[in-house]
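Here's the structure we're looking at; comments come further down.
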Amino acid sequence: MISALKKRFQEQTLSAVDLYIKTLNAIDNKSGLNAFIYINKNGIKEAEKCQQNILNGNLVFVECTSRILEGIPIAVKDNFCTRNMPTTCASKTLQNFVPTYDAAVVDCLKSAGAVIVGKTNMDEFAMGSGTVDSAFGPTKNVWCSKPNKWHIAGGSSGGSCVAVASGMCEIALGSDTGGSIRNPASYCGIVGYKPSYGLISRHGLIPLVNSMDCPGIIAKTVDDIFKILSVIVRAKAYDSTCIDVCLDTDEFYNTTLIENYRIAIPEEYNCDSLSEEVKDTWNYVASVIDNSKAIVQKVSMPHTSASVATYSVLNACEVASNMARYTGLLYGYRSSCEHETFQSLIATNRFDSLGEVVRSRILSGNYFLLKRNYEKYYEQSLKVRRLIANDFNKVWQNGYNFLVTPTTLTTAPLLKDFKSLDNRTQCATQDYCTQPANMSGCPAITIPVKLSSDQMPISIQIMAPNFSDVRLLQFANWLEAKLQFSQKQ
Ligand code: GLN
42 MISALKKRFQ EQTLSAVDLY IKTLNAIDNK SGLNAFIYIN KNGIKEAEKC
92 QQNILNGNLV FVECTSRILE GIPIAVKDNF CTRNMPTTCA SKTLQNFVPT
142 YDAAVVDCLK SAGAVIVGKT NMDEFAMGSG TVDSAFGPTK NVWCSKPNKW
192 HIAGGSSGGS CVAVASGMCE IALGSDTGGS IRNPASYCGI VGYKPSYGLI
242 SRHGLIPLVN SMDCPGIIAK TVDDIFKILS VIVRAKAYDS TCIDVCLDTD
292 EFYNTTLIEN YRIAIPEEYN CDSLSEEVKD TWNYVASVID NSKAIVQKVS
342 MPHTSASVAT YSVLNACEVA SNMARYTGLL YGYRSSCEHE TFQSLIATNR
392 FDSLGEVVRS RILSGNYFLL KRNYEKYYEQ SLKVRRLIAN DFNKVWQNGY
442 NFLVTPTTLT TAPLLKDFKS LDNRTQCATQ DYCTQPANMS GCPAITIPVK
492 LSSDQMPISI QIMAPNFSDV RLLQFANWLE AKLQFSQKQ
């Protein structure tokens, strides 16, 4: 936890430099999990400066200081721009891209004293739910049901989640468009938080679906998530969809309100593919909340099952336009072969450097956006998106404070079983519970609950009305304390 590390800095039983070296060693020792694409060995110089600040006592230990993360190593998903550090989106097309600026959230973390320890593995351009479709190979989950039986880490922020779950570092940044933080955090037995859309700047996050992308946080505790949120919420937006809000920190630490809360359990999340163990866990969590005197009631959200199909159309459309820039002329990989036509140069550049999942989404997106199809697919999907968002609005209007659902339908599948499915099938099951929150833009968090009979983590998802992020984290913090999940050692 951040507070434990800071305490050790203060007592001088650990220095920022020693912590950084320890982090690099842990990354090296666990390199077989393939969590990192790039490791920042130069970060040691920054850690030295942090240590100097700590020794000078530059207000580092005061909670509201601007340097509250002095000397804390943080891993960053490889779709956030990082100045002077490669940013590949796990794609061959960006293999040589070194941004000249930091994403707004990275800039904030650095200004608060954090040291970026490296860039983490992901599905190419964040398209996936397993971290199996990366140009750098798959990331492996740190949890195993049996020796040498590898499970997927979940995705697309699998590298960030494995970095935290395996103890390489305490905090990582991820991005969530359809579940890419919550899905892997759930499979890795840690906490993953997707903020309200528009709360945190997307500036410098390489886009997947602009209308749904959210930078988010991965940690072992809700308290750490809250600490990082209070830093990244300060980001200078450079993002027209971002609003300026002030977080009420007192609300986070106030637990007296729990019994006044009304919790909704949406029936439609109880779908055919939901495993018995996950269902039991969901019921168990509902009973824990019920015993605390908060009101727990079933509700209906009738458009839930349409979310994944609708998302796949909207996703492909936004992907088709976002990916149009990677022609190899201004951006992206350029083939060294001679080409007779301009078209063939671009086609070769794209074919040789983009994976099959990315290419198929570009093709379907362009098909949906054809003049003759636009209304039938794109506009209809926008309408269904509105119906899904309305399901959420009705729940909030009926006075419920939170929705509680499973995060994933099962525990992490075996890598070999998952790889045998096509990307569409993978995402259809993986994103079922997480995706609707992106349609509505509401904040959502996953926290681990218990281990399954084969020793794999099972988690629960909590969602709250848009911009009630602090209240969501407060409730998650309370629930986390009740559940007492023991993290992987
Ligand atoms: N699985 C979804 C997709 O492939 C979600 C990805 C994400 O949240 N980045 O589009």
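Going from the sequence shown to this note's numbering is simple: count from 1 and add 41.
Note that CB positions come from ideal geometry on N, CA and C, so glycine has one too.
Asked                                                                                                                             : Found
Pairwise C-alpha distance: ASP143 and ARG124                                                                                      : 5 Å
Cutoff 7 Å; reference PRO447; Cβ partners in own chain excluding five residues on either side                                     : TYR310, LEU315, VAL319, TRP323, CYS474, ILE501, GLN502
Given ASN301 as reference, the closest of ILE336, GLN525, ARG512 once Cα atoms are compared                                       : ILE336
Top-ranked residue by Cα proximity to ALA327, from LYS523, LYS190, ASP254, GLY208                                                 : LYS523
Nearest neighbour of LYS160, chosen from SER346, GLY396, ILE68 [CA to CA]                                                         : ILE68
Any chain D beta carbon closer than 9 Å to ARG366                                                                                 : Here chain D cannot be found, since the structure has a single protein chain.
Where the alpha helix (DSSP H) containing ILE259 begins and where it ends                                                         : No alpha helix (DSSP H) contains ILE259, which is instead part of the beta strand (DSSP E) from 255 to 260.
The beta strand (DSSP E) enclosing MET480, as first and last residue numbers                                                      : From DSSP, MET480 is part of no beta strand (DSSP E) but of the alpha helix (DSSP H) over 476 to 481.
Start and end residues, beta strand (DSSP E) containing ALA145                                                                    : From DSSP, ALA145 is part of no beta strand (DSSP E) but of the alpha helix (DSSP H) over 145 to 152.
Residues near ILE403 by beta carbon distance below 7 Å, same chain, minus five either side                                        : VAL360, ALA361, MET364
Paired residues, beta bridge with LYS118 - DSSP                                                                                   : THR161
Rounded straight-line distance, which links the Cα of ASP174 to that of LEU370                                                    : 25 Å
Whole-angstrom distance between GLN51 and GLY532, CA atom to CA atom                                                              : Past the edges of the chain, shown from 42 to 530, lies residue 532, and the structure says nothing about it.
Distance cut-off 8 Å: MET168 Cβ against heavy atoms of the ligand GLN                                                             : yes
Beta-carbon proximity check, CYS312 vs SER346, cutoff 9 Å                                                                         : yes
Contact between the segment 152 to 170 and the segment 124 to 135 (3+ Cβ pairs under 8 Å)                                         : yes
Three CB pairs or more closer than 8 Å across the segment 182 to 191 and the segment 81 to 88                                     : no
Separation of ASN507 from VAL436, as counted between CA atoms                                                                     : 12 Å
Rounded Cβ spacing between GLY219 and ASN479 (contact assumed at less than 8 Å)                                                   : 5 Å
With 16 other Cβ atoms within 10 Å as the buried cut-off, status of LYS235                                                        : buried
Contacts around THR368, its chain only, beta-carbon distance under 6 Å, and the 5 residues preceding and following it disregarded : ILE387
Alpha helix (DSSP H) runs wholly inside the segment 49 to 80, at least 4 long, in chain order                                     : 57 to 70
LEU514 - DSSP class collapsed to helix/strand/coil                                                                                : helix
Sequence-distant residues of the same chain with beta carbon closer than 6 Å to SER56, five excluded per side                     : GLN92
Proximity test, CYS468 beta-carbon vs the ligand GLN heavy atom, cut-off 8 Å                                                      : yes
Near the ligand GLN: TYR473 beta-carbon under 8 Å from a heavy atom                                                               : no
Identified DSSP bridge partners for MET126                                                                                        : THR123
Buried/exposed call for VAL349, threshold 16 Cβ in 10 Å                                                                           : buried
Cα-Cα separation between THR17 and TYR228, rounded to whole angstroms                                                             : Any answer about residue 17 is impossible in this case: the structure gives the chain only from 42 up to 530.
With 16 other Cβ atoms within 10 Å as the buried cut-off, status of HIS244                                                        : buried
C-alpha gap between PHE267 and THR282, whole angstroms                                                                            : 22 Å
Touching by the beta-carbon criterion (3+ pairs, under 8 Å), the segment 477 to 492 and the segment 430 to 445                    : yes
At least three beta-carbon pairs within less than 8 Å, the segment 255 to 270 to the segment 504 to 518                           : yes
Minimum C-alpha distance to CYS378 - residue among TYR61, ASP393, LEU96                                                           : ASP393
Contact check, ILE273 vs ALA226, beta carbons under 9 Å                                                                           : no
Sequence-distant residues of its chain with Cβ nearer than 7 Å to LEU74 (five each side left out)                                 : THR180, LYS181, VAL183, VAL203, SER207
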